[in-house]
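These notes concern the structure reproduced below.
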Amino acid sequence: MQDAPISLTAQDVTFHYAGQKSLLEDVHLSVEPGALTMLIGPNGAGKSTLMKILAGLLEAAAGTVQIHSGPGGRQRDLAGLSLLARARTVAYLPQEVLPPGGHTVQEVVLLGRFPHQRWWTLPGERDRKIVDEALERMGVAHLRDRVFESLSGGEQQSVLLAGILAQQSSLLLLDEPGRGLDVHHLATFSQRLKRLARAGRGILCITHDLNLASRFADVIYLLSDRKIRARGRPEQVLTQALVAESYGSDVEVTRDARSGLPVVLPGSRRQEPRGGQR
Ligand SMILES: Nc1ncnc2c1ncn2[C@@H]1O[C@H](COP(=O)(O)OP(=O)(O)OP(=O)(O)O)[C@@H](O)[C@H]1O
Ligand SMILES: [Mg+2]
Numbered sequence: 004m005q006d007a008p009i010s011l012t013a014q015d016v017t018f019h020y021a022g023q024k025s026l027l028e029d030v031h032l033s034v035e036p037g038a039l040t041m042l043i044g045p046n047g048a049g050k051s052t053l054m055k056i057l058a059g060l061l062e063a064a065a066g067t068v069q070i071h072s073g074p075g076g077r078q079r080d081l082a083g084l085s086l087l088a089r090a091r092t093v094a095y096l097p098q099e100v101l102p103p104g105g106h107t108v109q110e111v112v113l114l115g116r117f118p119h120q121r122w123w124t125l126p127g128e129r130d131r132k133i134v135d136e137a138l139e140r141m142g143v144a145h146l147r148d149r150v151f152e153s154l155s156g157g158e159q160q161s162v163l164l165a166g167i168l169a170q171q172s173s174l175l176l177l178d179e180p181g182r183g184l185d186v187h188h189l190a191t192f193s194q195r196l197k198r199l200a201r202a203g204r205g206i207l208c209i210t211h212d213l214n215l216a217s218r219f220a221d222v223i224y225l226l227s228d229r230k231i232r233a234r235g236r237p238e239q240v241l242t243q244a245l246v247a248e249s250y251g252s253d254v255e256v257t258r259d260a261r262s263g264l265p266v267v268l269p270g271s272r273r274q275e276p277r278g279g280q281r
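For the sequence shown, the tail end lands on 281 under our numbering, and the numbers increase by one without skipping.
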């Protein structure tokens with residue numbers, strides 16, 4: 004079982020890569036248990052970088068990243084935790100993942116159990132049961148004996164996500180987890196994330212699929228031009244003005260007639276030259 008609900012907060016985080024200009028300035032972001040939080044923003048805005056800072060893999064030049072457990076619980080710097088304790092608390096799925104080659108699906112997912120194992124023991128009955136459950140949940144149990152590299156892109160992504168589920172961490176940081184998933188798998192996986200969040204996990208997903216964010220996010224953070232430009236419910240963040248300002252003017256935000264949710268479409272109209280003449 005996972006531990007008590009934990010929140011993760013980055014406060015006043017500032018960051019730049021060596022020799023490069025400032026990428027993040029005074030960024031504040033909170034991953035709260037019970038909520039599915041999504042981070043959006045244009046290519047190169049610094050989303051993956053911010054997630055690596057939240058996962059404790061990069062150090063901010065200024066600001067803090069802290070975890071906080073339960074009512075009355077302590078506030079602790081993430082950096083103060085041992086690597087193993089950190090892995091039990093935070094599961095991180097990078098944007099690009101390459102598991103060690105030649106392993107079966109089952110073995111790759113079993114890697115997700117490493118924070119719960121002792122180095123001198125082999126995976127136990129319980130680990131195998133949790134792995135089987137995670138494979139079932141991601142709909143890839145039938146692939147368990149296949150070599151990972153022989154799977155399609157979407158199947159590989161489902162297996163990696165099963166590994167994340169098997170880690171049973173309180174906080175999930177997922178960098179574009181929906182990549183390669185078809186619309187059915189995307190929907191079932193997103194519903195699963197939502198259920199995990201409701202059961203007390205804190206989940207942060209980076210996504211370029213703004214309609215997915217509209218449908219499933221409880222809270223959206225929009226990162227653009229070094230800052231968090233907006234934070235709120237989908238209808239507060241996915242507005243024509245905010246989306247156009249951050250991504251460019253060739254975007255149309257409308258409302259879905261049935262759900263009332265914002266729908267973001269690539270603009271179909273060509274930008275006319277000034278005066279409308281050619
Ligand atoms: N290790 C690195 N060293 C130097 N610069 C880097 C490094 N990693 C990323 N960058 C640069 O920092 C900027 C932000 O990169 P990052 O990967 O955080 O963006 P992103 O918002 O995740 O973009 P995308 O949506 O394309 O994944 C980019 O301009 C990138 O080239
Ligand atoms: Mg990225």
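Backbone N, C-alpha and C define an ideal beta-carbon position, used for all residues, glycine too.
Do you know offhand how far Gln-239's Cα is from Ile-70's?
-> The straight-line gap from Cα to Cα measures roughly 27 Å.
Using the rule of at least 16 other Cβ atoms within 10 Å of the residue's Cβ for burial, across every protein chain shown, is Leu-86 buried or exposed?
-> Using a 10 angstroms sphere on the CB of Leu-86, the tally of other CB atoms stays under 16, which defines it as exposed.
Distance CB(Leu-196)-CB(Ile-209) smaller than 8 Å = Not in contact: Leu-196 and Ile-209 (Cβ atoms no closer than 8 Å).
Pro-97 - partner residues in DSSP beta bridges | According to DSSP, Pro-97 bridges with nothing at all.
Thinking Leu-177 and Ile-167 are a contact (beta carbons under 8 Å), I'd like their distance in whole angstroms, please.
-> By a beta-carbon distance limit of 8 Å, Leu-177 contacts Ile-167. Their separation comes to about 7 Å.
Residue nearest to Leu-215 in terms of C-alpha spacing, selected from Ala-200, Ile-231, Ala-244 and Arg-182 | Comparing alpha-carbon positions, the option among Ala-200, Ile-231, Ala-244 and Arg-182 lying closest to Leu-215 turns out to be Arg-182.
Residues of its chain near Gly-270, where Cβ-Cβ distance is below 8 Å and the 5 sequence neighbours each way are ignored | Take Gly-270, set aside five residues on each side of it, and the residues of its chain with a beta-carbon closer than 8 Å to its own are Ser-252, Asp-253, Val-254 and Glu-255, in chain order.
The beta strand (DSSP E) spanning Val-150 covers which residue range?
-> Here Val-150 belongs to no beta strand (DSSP E), and DSSP marks it neither H nor E.
When Glu-136, Gln-23 and Gln-14 are compared against Leu-81, the one with the closest alpha-carbon = For Leu-81, the closest C-alpha among the options Glu-136, Gln-23 and Gln-14 is that of Gln-14.
Just mark Ser-10 as buried or exposed, buried being the case when its beta carbon has 16 or more other beta carbons within 10 Å.
-> Buried, since its Cβ has 16 or more Cβ neighbours within 10 Å.
Could you have a look at His-31 and say whether DSSP puts it in helix, strand or coil?
-> Here His-31 sits in strand by DSSP.
Can you name the start and end residues of the alpha helix (DSSP H) that Asp-130 belongs to?
-> Counting along the chain, the alpha helix (DSSP H) containing Asp-130 begins and ends at 128-140.
Please state if the CB of Arg-234 and the CB of Tyr-224 are separated by a distance shorter than 8 Å.
-> Result yes, Cβ atoms of Tyr-224 and Arg-234 sit closer than 8 Å.
Would you list the residues sitting across from Arg-234 in a DSSP beta bridge?
-> For Arg-234, the beta-bridge partners assigned by DSSP are Tyr-224.
Quiz: which residues have CB nearer than 7 Å to ligand 2 non-hydrogen atoms | The answer, residue by residue, is Lys-50, Ser-51, Gln-98, Asp-178, Glu-179 and Ile-209.
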